[in-house]
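Student:
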Amino acid sequence: MDKKIDKKTEELAMRALENAKAFGQKLEENREKRLWKKVQIPCSLYDAIKGLTKNEMDSIRKTYGFKNLSALKKAELAPELAKLIPSKFKEIIYTLDQSRYDLIKLIIKNSGVIPDVGISISKAETFINYSMIFCGLQDNQKVLFMPDELINVFTHIDDSKLKNIVRRNTEWIRLTHGLLYYYGVMDAWPITKKISELTGENVDILEFMNVMSFACDFYDQADLTPYGYADSRVFDVKKIVEEQKMRKQIDYYPITKNHLLKASAPNYFDKTQEMRSFINFIIEYYDLSDEEIDEIAFQMVTMINLDFRPDMIMEYLQSYLEFPSFEFAQQLVGKVMELYNNTRQWVLKGHTPNELFKEERKFLQPLPAEPLITNKQHSSVIDLKTKKKIGRNDPCPCGSGKKFKNCCGKVR
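At position 206 of the sequence shown the residue is numbered 427 (this note's numbering), and the sequence of numbers has no breaks.
Here it is, written out as structure tokens:
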């Protein structure tokens, strides 16, 4: 009976997944159709906006902060937006970074229109929400275009001042992405303080937040939350913040400017000695492409930072790779533990477990070498300051404020 129920449940789950996938594909198709509609170019700003949906117009209205327009119908809202946007467009231009600036320059150089450069749906929608670049079909070819009114505003302020602002914005965005890669969550104030220290320049927090607002929408690498800016991989922002607050005596791990700039790249992961050892072990047994190796490595770092238990990480690897033997699994567990203990973690403010416990726990590794294979007893943990054995109900020596049994002495 149980087997029948399990089989039926499994079939229902599979059907639900297939339906969800089909629904997702349908939504993507609808988004594509909405983006790439026939347009006549050159196109005025009014004509570009008139072809949008009411929801898209409302998104533009909210992005620009236009007041007293929410009650207007689509036909009434389009001319109002076309009239108001040019006077505020300068402020949007001053939030650009190098890649978006270069794309606008390319469009203007080609008389306001270029063939689609393979832009993603989400990025195209963001450009539309900021009424900056629009999409369309010209002679059945996908194109990106800018209305003349917006080109005129951009051309008028495209000088050395703008170029310096674009350079500055690019650095702000990349450094912020790098900081969030290592720390997970940070409020705007400590971010701007760090950037100021790294660049030697003052950072106006309001300008910074305006720049990051567009960047968060466009790049989808960071989100503004009630707790500050968060890396887009962070699932439980509140939990990360609470864990960090428990370690008030620990400062953020110092990371160089160049390293932060490298870490700002999408899907970046630290190629540490332990990561290289893990990758080398994997490729000894499996014929994997560089893309597959990078994907596994990136997911490993992400799962560690999301506080996945080691057994869950092993389950992920087993879903991706077929384990040839029990001995192989034992060796792989050792590599995973090594990687776990030497990965910079959000809850530890960018430190690794081994770095924090090096002095306090010389007689015990942060995680056991083979926790998934054997069920060994815990070794005694000694607090080096008191020279006494730490009881399971004693405060954890890492400074979290938790009991030892609920923190570093916890069986994960």
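We put the CB at the ideal spot given by N, CA and C, even for glycine.
Using the three-state DSSP reduction, which class does Phe355 fall into: helix, strand or coil?
Tutor: Walking along the sequence shown from the start, residue 355 turns up at place 134. Three-state result, Phe355: strand.
Student: In this structure, does DSSP put Lys455 in helix, strand or coil?
Tutor: Locating residue 455 in the sequence shown gives position 234, counting from the first residue. It should be noted that the sequence gives Val, not Lys, for residue 455. Note: Val455 maps to coil in three-state DSSP.
Student: Val364 and Gly405 - do their beta-carbons sit closer together than 8 Å?
Tutor: Residue numbering aside, residue 405 sits at position 184 when the sequence shown is read from its first letter. Residue numbering aside, residue 364 sits at position 143 when the sequence shown is read from its first letter. It is not a contact, given that the beta carbons lie outside the stated cut-off.
Student: Could you check where the beta strand (DSSP E) with Leu365 kicks off and where it finishes?
Tutor: Mapped onto the sequence shown, residue 365 falls at position 144. Note, Leu365: beta strand (DSSP E), 362–366.
Student: Measure the Cβ-Cβ separation of Gly399 and Leu481 and say whether it is below 8 Å.
Tutor: Looking up residue 399 in the sequence shown gives position 178. Looking up residue 481 in the sequence shown gives position 260. Yes; because the gap between Cβ atoms is below 8 Å, this pair is in contact.
Student: Is the segment 254–263 in contact with the segment 354–371, if contact means three or more CB pairs nearer than 8 Å?
Tutor: Contact holds: three or more Cβ-Cβ distances are below 8 Å.
Student: On a CA-only basis, which of Lys415, Gln520, Phe366, Asp268 is nearest Pro300? Give me that one, please.
Tutor: In the sequence shown, residue 300 corresponds to position 79, counting from 1. Cα-wise, what sits closest to Pro300 is Asp268.
Student: Using C-beta distances below 8 Å, list every residue in its chain close to Val374, excluding the 5 sequence neighbours before and after it, in chain order.
Tutor: Translated into the one-based positions of the sequence shown, residue 374 becomes position 153. Cβ neighbours of Val374 beyond the five flanking positions: Pro307, Phe310, Lys311, Ile314.
Student: Does the distance from the C-beta atom of Ala409 to that of Ile426 stay below 8 Å?
Tutor: Looking up residue 409 in the sequence shown gives position 188. Looking up residue 426 in the sequence shown gives position 205. Against a cut-off of 8 Å, the Cβ pair of Ile426 and Ala409 comes out as a contact.
Student: Using 10 angstroms around the beta-carbon of Ala292, count the other beta-carbons present and answer buried if the total reaches 16, otherwise exposed.
Tutor: Position 71 of the sequence shown, counted from the start, is the residue given in the question as residue 292. Its Cβ having fewer than 16 others within 10 Å, Ala292 is exposed.
Student: Can you name, in chain order, every residue of its own chain whose Cβ lies under 7 Å from the Cβ of Cys264, other than the five neighbours on each side?
Tutor: Counting from one through the sequence shown, the residue named residue 264 turns up at place 43. Phe366, Pro368.
Student: Contact check, Gln552 vs Tyr537 under 8 Å by CB: the rounded distance?
Tutor: On the sequence shown, residue 552 is found 331 positions in, with the first residue counted as 1. On the sequence shown, residue 537 is found 316 positions in, with the first residue counted as 1. Not really, about 17 Å apart at Cβ, beyond 8 Å.
Student: I believe Tyr473 touches Lys570 by the beta-carbon criterion, under 8 Å. Please report the beta-carbon distance rounded to the nearest angstrom.
Tutor: Counting from 1 along the sequence shown, the entry for residue 473 is found at position 252. Counting from 1 along the sequence shown, the entry for residue 570 is found at position 349. So it is a contact: roughly 5 Å between Cβ atoms.
Student: Does DSSP put Pro447 in a helix, in a strand, or in coil?
Tutor: Along the sequence shown, read from residue 1 onward, the residue named residue 447 stands at position 226. In this structure, Pro447 counts as coil in the three-state DSSP scheme.
Student: What residues in its chain sit with their C-beta under 7 Å from that of Pro447, if we drop five residues either side in the sequence?
Tutor: Here residue 447 refers to the residue found at position 226 when the sequence shown is read from its first residue. So the list is empty, once near-sequence residues are dropped.
Student: Any contact of the segment 557–574 with the segment 502–517, i.e. 3+ C-beta pairs under 8 Å?
Tutor: Taking 8 Å as the limit for Cβ pairs, the verdict is that the segment 502–517 does not touch the segment 557–574.
Student: Could you give the residue range of the alpha helix (DSSP H) that holds Ile325?
Tutor: Numbered from 1 along the sequence shown, position 104 holds the residue referred to as residue 325. Start and end: 319–330.
Student: Measuring straight from C-alpha to C-alpha, what distance separates Lys283 and Asn350?
Tutor: As a position in the sequence shown, residue 283 is number 62, starting the count at 1. As a position in the sequence shown, residue 350 is number 129, starting the count at 1. Each residue's Cα considered, the two are about 9 Å apart.
Student: What first and last residue would you give for the beta strand (DSSP E) that runs through Pro545?
Tutor: Translated into positions along the sequence shown, residue 545 becomes position 324. No beta strand (DSSP E) holds Pro545; DSSP gives it neither H nor E.
Student: Please report the distance separating the alpha-carbon of Leu445 from that of Cys437.
Tutor: By 1-based counting over the sequence shown, the position of residue 445 is 224. By 1-based counting over the sequence shown, the position of residue 437 is 216. In a straight line, the C-alpha of Leu445 is about 8 Å away from that of Cys437.
Student: With respect to the alpha helix (DSSP H) encompassing Val374, which residues constitute its N-terminal and C-terminal limits?
Tutor: To locate residue 374, count along the sequence shown from 1; it is residue 153. It spans 369–378 - the alpha helix (DSSP H) in which Val374 sits, taken as one unbroken run.
Student: Under the rule that 16 or more other beta-carbon atoms within 10 Å means buried, what is Phe547, buried or exposed?
Tutor: Counted from its first residue, the sequence shown places residue 547 at position 326. Its Cβ having fewer than 16 others within 10 Å, Phe547 is exposed.
Student: From Ser540 to Met496, what does the alpha carbon distance come to, in whole angstroms?
Tutor: As a position in the sequence shown, residue 540 is number 319, starting the count at 1. As a position in the sequence shown, residue 496 is number 275, starting the count at 1. Approximately 20 Å between the Cα atoms of the pair.
Student: From Lys275 to Val387, what does the alpha carbon distance come to, in whole angstroms?
Tutor: Taking the sequence shown and counting its residues from 1, the one referred to as residue 275 is at position 54. Taking the sequence shown and counting its residues from 1, the one referred to as residue 387 is at position 166. The alpha-carbon atoms of Lys275 and Val387 are separated by roughly 32 Å.
Student: On the criterion of 16 or more Cβ atoms from any shown chain inside 10 Å, does Asn501 qualify as buried, or is it exposed?
Tutor: Position 280 of the sequence shown holds residue 501. When all chains shown are included, Asn501 counts as exposed.
Student: Drop a sphere of 10 angstroms on the beta-carbon of His395, count the other beta-carbons inside from all chains shown, and report buried for 16 or more, exposed for fewer.
Tutor: By 1-based counting over the sequence shown, the position of residue 395 is 174. The sequence shown places Arg at residue 395, not His. When all chains shown are included, Arg395 counts as buried.
Student: So, with DSSP's three-state summary, where would you put Leu302?
Tutor: As a first step, residue 302 is located in the sequence shown; it is residue number 81 there, counting from the start. Correct three-state label for Leu302: helix.
Student: Grab me the residues of Thr376's own chain with a C-beta within less than 8 Å of its C-beta, minus the 5 sequence neighbours each way, in chain order.
Tutor: Here residue 376 refers to the residue found at position 155 of the sequence shown. Excluding sequence neighbours, Thr376 sits near Ile329.
Student: Within its chain, find whatever has a CB closer than 6 Å to the CB of Lys583; leave out the 5 residues flanking it on each side and keep chain order.
Tutor: Position 362 of the sequence shown holds residue 583. Because Lys583 sits at a pLDDT of 49, beneath the cut-off of 50, its placement in the model cannot be relied upon, and the following sentence gives the value as read from the coordinates. Correct list: empty, nothing qualifies.
Student: Once DSSP output is grouped into helix, strand and coil, what is the label at Lys609?
Tutor: Counted from its first residue, the sequence shown places residue 609 at position 388. Low local confidence applies: a pLDDT of 44 at Lys609 is under 50, so the model's placement there is unreliable, and no value is given.
Student: Please work out which residues of its chain come closer than 6 Å, Cβ to Cβ, to Met524, disregarding the five sequence neighbours upstream and downstream, and give them in chain order.
Tutor: Stepping through the sequence shown from its first residue, residue 524 is reached at position 303. The answer, listed in chain order, is Ile534.
Student: In its own chain, which residues sit with a C-beta less than 7 Å from the C-beta of Gln362, not counting the 5 before and 5 after it?
Tutor: Residue 362 sits at position 141 when you count from the first residue of the sequence shown. If we look at Gln362 and ignore the five residues flanking it on each side, its Cβ neighbours are Pro336.
Student: Would you grab the beta carbon distance between Lys295 and Met278 for me? Rounded to a whole angstrom, and I think it's under 8 Å.
Tutor: As a first step, residue 295 must be located in the sequence shown, where it is residue number 74. As a first step, residue 278 must be located in the sequence shown, where it is residue number 57. Right, their Cβ atoms sit about 6 Å apart.
Student: From Glu297 to Leu290, what does the alpha carbon distance come to, in whole angstroms?
Tutor: Here residue 297 is taken as the residue at index 76 of the sequence shown, counted from 1. Here residue 290 is taken as the residue at index 69 of the sequence shown, counted from 1. Each residue's Cα considered, the two are about 9 Å apart.
Student: When the cut-off is 8 Å and only beta carbons count, does Ala296 lie next to chain C?
Tutor: Among the chains of the structure shown, chain C does not appear; only one protein chain is present.
Student: In chain order, what residues of the same chain lie with their CB nearer than 7 Å to the CB of Met407, ignoring the 5 residues before and after it?
Tutor: Taking the first residue of the sequence shown as 1, we reach residue 407 at position 186. Once the five neighbours on either side are set aside, the close Cβ partners of Met407 are Leu400, Leu401, Gly449, Tyr450.
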